[in-house]
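Novice: Structure in structure tokens, see below.
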Amino acid sequence: MSWIYLILSILPILVVVFLLTYKEWSADTSGLVGWLLTVVVAAVFFKTSFDVAMKSSLAGMIASFPVSLMVATSILQIIYMESTGALKRIVISIKTIASTDKAVQVMIINVGLGTLLAAVGATPVSVLPPIMVALGYSTFVAVALPAIGFDALCTYALLGAPIVVFTDLTGTSLTEAGVVFARYLPVISTLIGFAMLWIIGGFRLIRQGFVPTIISGIVIGLTAFWVNSIGGTVLTGVFAGLATVLVMLLYLKLLGKPIVDKTNLTEDEVEYAKNYSLLKALSPWLILIVASFLVNFYKPIFEYLFVEHPGAISIIPGQVIKTRFFWNAYWWIFVSIILSFPFLKPTRQQISDSVTRWIKRAPRPTLSAAVFFAIAFVLNNSGFTLVDGKWMLPDPHNNMVWILADTTARVFTDWYPLTAAFLGLFGGFVSGSESSTIAMFANYHKIASSILGVKAIIVIAGTAIGGGLASVISPAKLQNAAATIDALGIESRVIKTAFVVSFFITAVAAVMTLIWA
Numbered sequence: 003m004s005w006i007y008l009i010l011s012i013l014p015i016l017v018v019v020f021l022l023t024y025k026e027w028s029a030d031t032s033g034l035v036g037w038l039l040t041v042v043v044a045a046v047f048f049k050t051s052f053d054v055a056m057k058s059s060l061a062g063m064i065a066s067f068p069v070s071l072m073v074a075t076s077i078l079q080i081i082y083m084e085s086t087g088a089l090k091r092i093v094i095s096i097k098t099i100a101s102t103d104k105a106v107q108v109m110i111i112n113v114g115l116g117t118l119l120a121a122v123g124a125t126p127v128s129v130l131p132p133i134m135v136a137l138g139y140s141t142f143v144a145v146a147l148p149a150i151g152f153d154a155l156c157t158y159a160l161l162g163a164p165i166v167v168f169t170d171l172t173g174t175s176l177t178e179a180g181v182v183f184a185r186y187l188p189v190i191s192t193l194i195g196f197a198m199l200w201i202i203g204g205f206r207l208i209r210q211g212f213v214p215t216i217i218s219g220i221v222i223g224l225t226a227f228w229v230n231s232i233g234g235t236v237l238t239g240v241f242a243g244l245a246t247v248l249v250m251l252l253y254l255k256l257l258g259k260p261i262v263d264k265t266n267l268t269e270d271e272v273e274y275a276k277n278y279s280l281l282k283a284l285s286p287w288l289i290l291i292v293a294s295f296l297v298n299f300y301k302p303i304f305e306y307l308f309v310e311h312p313g314a315i316s317i318i319p320g321q322v323i324k325t326r327f328f329w330n331a332y333w334w335i336f337v338s339i340i341l342s343f344p345f346l347k348p349t350r351q352q353i354s355d356s357v358t359r360w361i362k363r364a365p366r367p368t369l370s371a372a373v374f375f376a377i378a379f380v381l382n383n384s385g386f387t388l389v390d391g392k393w394m395l396p397d398p399h400n401n402m403v404w405i406l407a408d409t410t411a412r413v414f415t416d417w418y419p420l421t422a423a424f425l426g427l428f429g430g431f432v433s434g435s436e437s438s439t440i441a442m443f444a445n446y447h448k449i450a451s452s453i454l455g456v457k458a459i460i461v462i463a464g465t466a467i468g469g470g471l472a473s474v475i476s477p478a479k480l481q482n483a484a485a486t487i488d489a490l491g492i493e494s495r496v497i498k499t500a501f502v503v504s505f506f507i508t509a510v511a512a513v514m515t516l517i518w519a
């Protein structure tokens with residue numbers, strides 16, 4: 003009977019995988035089916051009350067705000083920057099960088115700028131593929147590299163949205179969590195750099211780019227440790243991405259190679275760059291970064307927004323979700339859009355077009371980000387029932403997460419931490435989000451780690467790293483990248499190559515997790 007309940011516990015996730023891979027359904031539709039099946043299994047087989055299932059789902063949706071609302075507002079920002087021509091100006095500048103050294107160019111564009119874009123809420127798989135094609139790379143490379151370049155720092159994407167979710171679900175501080183993740187970065191970042199060079203030119207390019215790749219990996223690791231140690235955890239991606247770009251530019255300077263080369267620009271692009279200030283084009287992101295500095299480093303503001311006014315909401319009796327609405331990055335993305343009006347001077351038509359396109363484009367990715375949190379919360383609260391206004395778990399073993407954790411602990415025993423990163427890779431593939439992966443597996447790892455006496459925070463971090471590494475095999479992200487260069491269909495080729503890369507790097511992360519846990 004226990005094996006039947008084990009199968010029932012993982013059935014919703016297996017169905018989502020089936021719908022994503024074999025039926026090629028979208029992530030949001032597959033997620034909704036997975037959520038409905040989770041509710042049915044929890045109610046019918048685990049005797050979960052309807053009230054518990056619905057309130058758990060709602061609580062999960064609210065807990066997803068740092069990610070789901072971030073997705074919604076970042077989509078609005080990037081559409082607004084497209085409509086006003088700001089993004090076009092930024093793309094023109096990126097095309098001119100480091101054209102004489104392919105390895106350095108890859109580190110700058112796909113690791114440095116890719117991380118920076120992801121950190122401020124832009125999407126590397128939307129912005130970078132056209133630039134890669136314009137620089138002469140194949141469509142295969144143009145899809146693969148933007149999807150993997152920022153993966154080591156995926157935890158700090160969307161101004162640290164995944165790590166905010168991590169701290170909320172584990173009860174750790176931002177600084178403590180940030181330092182744990184930073185330990186992985188020198189190794190993982192370096193391996194990702196080598197992986198990108200291998201995808202482009204095999205071992206020949208790895209040999210040519212060995213030094214800049216090692217340098218970028220070390221710089222990312224050191225920057226992450228420093229930023230987290232001074233309390234700037236949510237800005238780690240901004241600092242690390244910027245540091246990588248600056249160090250690679252310095253590297254080119256020391257070698258005597260040109261940093262900027264405008265020969266690959268068209269006459270129209272040269273003229274556009276002359277008439278459109280780069281500083282003006284960057285204004286929404288610059289305002290966002292300044293605002294993020296203030297709400298994280300200026301103590302009175304941080305204390306007021308993060309500590310004194312956490313926006314606590316209680317959906318589940320005895321549990322509080324701290325929304326921190328006016329501290330979280332999604333609010334400041336919206337503010338940065340409004341404050342950039344005097345610089346970008348959008349017309350009424352541009353604003354109208356931006357809102358219209360946003361209404362069409364944002365709901366499904368936003369729902370996709372939220373629905374997997376709902377699944378996670380129903381899994382966590384399965385078996386609970388309402389008794390005298392309180393949620394009770396009559397049988398502690400009658401819980402889907404407990405069954406998964408107990409089985410895993412008994413099967414893998416001391417080797418259990420080794421599974422964490424691979425579970426993250428699986429979760430990231432299914433949900434397309436590191437944050438959703440953390441939400442799905444955090445409580446599971448807490449229980450299993452408690453049974454085995456290992457460090458839960460390390461195990462959960464290992465899963466998060468794996469979830470980030472899944473970006474390069476996520477169908478949704480690869481389809482997004484392929485669509486921007488009219489190469490739909492190539493994502494299936496990319497997945498075959500990318501799976502080997504992501505699996506190898508995940509294996510390294512798994513060993514690191516085992517050692518540290």
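Just so you know, we're using the working numbering here: the sequence shown kicks off at 3 and counts up by one. For each residue, glycine too, the CB sits at the ideal point set by N, CA and C. These numbers come from a predicted model, not from an experiment.
(1) Could you check the C-alpha separation between Phe152 and Phe304 for me, to the nearest Å?
(2) Determine the direct distance from the alpha carbon of Gln351 to that of Val322, and round the result to whole angstroms.
(3) Report the partner residues of Ile323 according to the DSSP bridge assignment.
(4) Please work out which residues of its chain come closer than 8 Å, Cβ to Cβ, to Pro148, disregarding the five sequence neighbours upstream and downstream, and give them in chain order.
(5) Considering only residues of the same chain and omitting the five flanking positions on each side of Val75, which have a CB-CB separation below 6 Å?
(6) With a Cβ-Cβ cutoff of 7 Å, do Ala136 and Lys97 count as a contact?
(7) Taking only runs that begin and end inside the region 352–431, name each unbroken beta strand (DSSP E) of 3 or more residues, in chain order.
(8) Can you find the residues in the same chain that come closer than 7 Å, C-beta to C-beta, to Ile475, ignoring five residues on each side of it along the sequence?
(9) Terminal residues of the continuous alpha helix (DSSP H) containing Asp153?
(10) Please name the residue or residues paired with Val262 in a DSSP beta bridge.
(11) Taking DSSP as the reference, what is the three-state secondary structure of Gly87?
(12) Going straight from the alpha carbon of Thr102 to that of Ala275, what length do you get?
(13) Count Cβ pairs between the region 385–396 and the region 432–452 that sit closer than 8 Å; are there 3 or more?
(14) Return the residue from the list Val513, Ile9, Ile15 that minimises the CA-CA distance to Ala378.
(15) For Asn277, does the count of other Cβ atoms within 10 angstroms reach 16, so buried, or fall short, so exposed?
(16) Just to confirm before moving on: does the CB-CB distance between Leu2 and Tyr446 stay below 7 Å?
(17) Taking 7 Å as the threshold (beta carbon to beta carbon), is Ile15 in contact with chain D?
(18) Would you kindly report the start and end of the unbroken alpha helix (DSSP H) that includes Arg209?
(19) How big is the Cα-Cα spacing for Ser354 and Ala511?
(20) Going by beta-carbon coordinates alone, are Val145 and Leu290 separated by less than 7 Å?
(21) Could you spell out the range, first to last residue, of the alpha helix (DSSP H) harbouring Glu269?
(22) Here's the rule I'm using: 16 or more other beta-carbon atoms within 10 Å means buried, otherwise exposed. How should Lys57 be labelled?
(23) Take Arg495 and list the residues in its own chain whose beta-carbon comes closer than 8 Å to its own, dropping the five residues that flank it on each side.
(24) Measure the CB-CB distance between Phe443 and Gly455 and report whether it falls below 7 Å.
(25) If you count every other CB in all the chains shown that lies within 10 Å of the CB of Tyr300, and 16 or more means buried, which is it?
(26) Using 10 angstroms around the beta-carbon of Asn382, count the other beta-carbons present and answer buried if the total reaches 16, otherwise exposed.
Specialist: To lay it out plainly:
(1) 27 Å
(2) 42 Å
(3) Ile315
(4) Asn112, Gly116, Pro126, Val127, Val129, Leu130, Pro131, Met134, Ala483
(5) Note that residue 75 is Thr in the sequence shown here, rather than Val. Closer than 6 Å at the Cβ level, and outside the excluded window around Thr75, lie Tyr332, Ile335, Phe336.
(6) yes
(7) 387–389, 392–394
(8) Phe431, Ile497, Ala500, Phe501, Ser504
(9) Note, Asp153: premise wrong, no alpha helix (DSSP H); not H, not E.
(10) Ile99
(11) coil
(12) 21 Å
(13) no
(14) Ile15
(15) exposed
(16) The displayed coordinates of the chain run from 3 to 519. Any statement about residue 2 would go beyond what the structure contains.
(17) Checking the listed chains, one finds no chain D in this structure; it contains a single protein chain.
(18) 187–210
(19) 46 Å
(20) no
(21) 269–277
(22) buried
(23) Phe142
(24) no
(25) exposed
(26) buried
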